[in-house]
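Numbering (this note's numbering), first residue to last: -3 to 341. Glycine residues also receive a C-beta, built at the ideal position from the N, C-alpha and C atoms.
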Ligand SMILES: [Mn+2]
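This is how it looks when you write it as structure tokens:
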């Protein structure tokens, strides 16, 4: 995971795309808004150039995310194996082997034929030619530069924004900035958002699709999570957990509890939140969020914090996977939080 940085530039990557004939576009497993938006935007761009393109989602996909794709637009791995005729792969919004598991064997076999666009601080040597820019709030900010380099319009002439490149880019930009709330939502983010809205993107219907379209079991799972909440570091950090039994008894799945980790940050004193979920018995995923402390104490870098568990992400939003049952995972994470220094005001 060392020296993960750009090895190429956007004009060179554009050149490789122009020269390829059958291109696969892939991202991390269980695509979020940025991964899905980036894959869809590039798939649409390259298809409009007349390329044969396989846009591929890996792992389970949130039905609301899936609704961003037109019917038949996307393939699914591992259900469908990548076509042997593919001569170039674009990997977006990740560069880490741990995040591309369903495709890792195939990606290894494609060594030298993978180009990457990423905005994460850590990654591996999957894409030999890649552009990595951690200053970007969303991978779609790199994708739009590539689209512009290729000279493709964000909405087809005379067409609507629904299922357009512009709509896909907006989804990534909005979701990776917490709908433009995070520190990362800077002038460049708002400038791109403005450009996309000018292309007719319907932000309210996208917000409702992605954030106001939950199932009632979401509330049952949230109630259990909140009743499991413990405070740490004198009230500056919180931990919640949902066990395999909690999921089974409420009928909720991991899609139903998206965003739960943000709830404790509504409390003024809370600068860091962790949520552990055990959707698969004996395997616990943990999400971390942090926010600037009102007292002026340094903001916890949860990407660095998650690294001790083999995870990663961004400074204020990160995650990890622990091969432990929920109770053991919770103890491990709580110990690590309790030993954090600099979080006390
Ligand atoms: Mn992203």
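Burial state of residue i, where buried means 16 or more other Cβ atoms lie within 10 Å
{"i": "residue 209", "result": "exposed"}
{"i": "residue 244", "result": "exposed"}
{"i": "residue 27", "result": "buried"}
{"i": "residue 226", "result": "exposed"}
{"i": "residue 312", "result": "buried"}
{"i": "residue 106", "result": "buried"}
{"i": "residue 114", "result": "buried"}
{"i": "residue 215", "result": "exposed"}
{"i": "residue 45", "result": "exposed"}
{"i": "residue 247", "result": "exposed"}
{"i": "residue 177", "result": "exposed"}
{"i": "residue 327", "result": "exposed"}
{"i": "residue 78", "result": "buried"}
{"i": "residue 189", "result": "buried"}
{"i": "residue 76", "result": "exposed"}
{"i": "residue 34", "result": "buried"}
{"i": "residue 204", "result": "exposed"}
{"i": "residue 272", "result": "buried"}
{"i": "residue 131", "result": "exposed"}
{"i": "residue 277", "result": "exposed"}
{"i": "residue 112", "result": "buried"}
C-beta atoms of residue i and residue j nearer than 8 Å
{"i": "residue 275", "j": "residue 249", "result": "yes"}
{"i": "residue 319", "j": "residue 279", "result": "yes"}
{"i": "residue 103", "j": "residue 122", "result": "yes"}
{"i": "residue 54", "j": "residue 73", "result": "yes"}
{"i": "residue 84", "j": "residue 19", "result": "yes"}
{"i": "residue 345", "j": "residue 309", "result": "Missing from the structure shown is residue 345; the chain here goes from -3 to 341 and no further."}
{"i": "residue 37", "j": "residue 165", "result": "yes"}
{"i": "residue 284", "j": "residue 332", "result": "no"}
{"i": "residue 240", "j": "residue 330", "result": "no"}
{"i": "residue 265", "j": "residue 231", "result": "yes"}
{"i": "residue 9", "j": "residue 50", "result": "no"}
{"i": "residue 41", "j": "residue 151", "result": "no"}
{"i": "residue 57", "j": "residue 87", "result": "no"}
{"i": "residue 22", "j": "residue 99", "result": "yes"}
{"i": "residue 92", "j": "residue 120", "result": "yes"}
Inter-residue CB distance, residue i and residue j (contact presumed, cutoff 8 Å)
{"i": "residue 421", "j": "residue 127", "result": "Only positions -3 to 341 of the chain appear in this structure, which leaves residue 421 out of reach."}
{"i": "residue 218", "j": "residue 256", "result": "6 Å"}
{"i": "residue 30", "j": "residue 183", "result": "Residue 30 to residue 183, Cβ: 19 Å. No contact."}
{"i": "residue 222", "j": "residue 200", "result": "Going by Cβ atoms, the distance from residue 222 to residue 200 rounds to 28 Å, so no, they are not a contact pair."}
{"i": "residue 252", "j": "residue 213", "result": "6 Å"}
{"i": "residue 173", "j": "residue 224", "result": "The Cβ separation is near 29 Å, so there is no contact."}
{"i": "residue 116", "j": "residue 157", "result": "Actually they are not in contact, since the Cβ atoms of residue 116 and residue 157 sit about 28 Å apart, beyond 8 Å."}
{"i": "residue 6", "j": "residue 141", "result": "5 Å"}
{"i": "residue 193", "j": "residue 170", "result": "With 8 Å as the limit, residue 193 and residue 170 do not qualify as a contact, their Cβ atoms being about 11 Å apart."}
{"i": "residue 206", "j": "residue 60", "result": "5 Å"}
{"i": "residue 293", "j": "residue 305", "result": "Not confirmed; about 23 Å, so no contact."}
{"i": "residue 17", "j": "residue 48", "result": "6 Å"}
{"i": "residue 402", "j": "residue 197", "result": "The question about residue 402 has no answer here: the residues shown for the chain are numbered -3 through 341."}
{"i": "residue 64", "j": "residue 167", "result": "6 Å"}
{"i": "residue 181", "j": "residue 97", "result": "Not a contact, Cβ separation roughly 30 Å."}
{"i": "residue 289", "j": "residue 325", "result": "With a Cβ gap of about 26 Å, residue 289 and residue 325 do not count as contacting."}
Beta-ladder partner(s) of residue i, from DSSP
{"i": "residue 336", "result": "DSSP, once it has assigned bridges, lists no residue as partnering residue 336."}
{"i": "residue 83", "result": "Answer is none; residue 83 lacks a bridge partner."}
{"i": "residue 314", "result": "284, 309"}
{"i": "residue 325", "result": "DSSP output for residue 325 lists no bridge partner at all."}
{"i": "residue 279", "result": "276"}
{"i": "residue 126", "result": "112"}
{"i": "residue 71", "result": "52"}
{"i": "residue 270", "result": "235, 284"}
{"i": "residue 88", "result": "113"}
Every unbroken alpha helix (DSSP H) within the region 17 to 60, with a cutoff of 4 residues, ordered by chain: 29 to 44
Alpha helix (DSSP H) segments (min. 4 residues) lying fully within the region 216 to 268: 240 to 246
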